[in-house]
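Colleague: Take this structure, written in structure tokens, and hold onto it; I'll ask about it next.
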Amino acid sequence: MSVSDSPNLELVRAAYDAFHRRDPDALLDVLAPDVRWVHPDGMSTYDLGGTAHGHAGVRGFLARVPTVLNGMRLEPHEFVESGDRVVVFGVRHVTSVRGHTERLKFVHSWTLHEGKAAVMEDIFDTVLFHRLIES
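Take the sequence shown: its position 94, counting from 1, is numbered 94 in the working numbering, and each next residue is one higher.
Right under this line is the structure:
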């Protein structure tokens, strides 16, 4: 975290730190109790698409990921802030259950409200993600 980071940037960076540490409780500390956790509908085939609601929904989503993937590491590269929104451009290193790893680009759009993340939307190429899961 940089000395010049705004409270919103600090909050979003804390979420990535929690992901990196695989600490769901620290992640939930960043999220509003009624958070909307949004993923492309194209991931519904794996029960990973649509919107999860609240902390219970996020926990359910996070519990589902290891049944489809063998690992994932997020690497945020650029943070762009405008008002109550922080958009993050990065890559994720994703490993299929068969051990194949790819780097896939992502865009995360975070909407902040009263010191918590109210919405996190994950935007990525679902076709490439499907190919990786099936490889």
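Here a beta-carbon is modelled for each residue, glycine too, at the ideal position from N, C-alpha and C. These figures come from a predicted structure and were not determined experimentally.
Does the stretch 49–63 come close enough to the stretch 71–78 to have 3 or more Cβ pairs within less than 8 Å?
Modeller: no
Colleague: In whole angstroms, what separates the C-alpha of P40 from that of H100?
Modeller: 22 Å
Colleague: What residue range is occupied by the uninterrupted beta strand (DSSP E) comprising E114?
Modeller: Looking at the DSSP string, E114 is not in any beta strand (DSSP E), and its letter there is neither H nor E.
Colleague: Within 8 Å, do at least three Cβ pairs link the stretch 59–66 to the stretch 75–86?
Modeller: no
Colleague: Roughly how many whole angstroms lie between the Cα atoms of M1 and N8?
Modeller: Because the pLDDT at M1 is just 48, under 50, the model does not fix this residue reliably, and the value given afterwards should be weighed accordingly. The straight-line gap from Cα to Cα measures roughly 12 Å.
Colleague: Measuring only the C-alpha atoms, how far is V12 from V127?
Modeller: Distance between the alpha carbons of V12 and V127 is about 27 Å.
Colleague: Can you tell which of L31, D47, R103 has the C-alpha that lies nearest to the C-alpha of M120?
Modeller: That would be L31, whose Cα lies nearest to the Cα of M120.
Colleague: Return the chain-ordered list of same chain residues with a C-beta closer than 6 Å to the C-beta of A18, the five sequence neighbours on each side being excluded.
Modeller: A26, L27
Colleague: Looking only at DSSP bridge pairs, what is T101 linked to?
Modeller: T95
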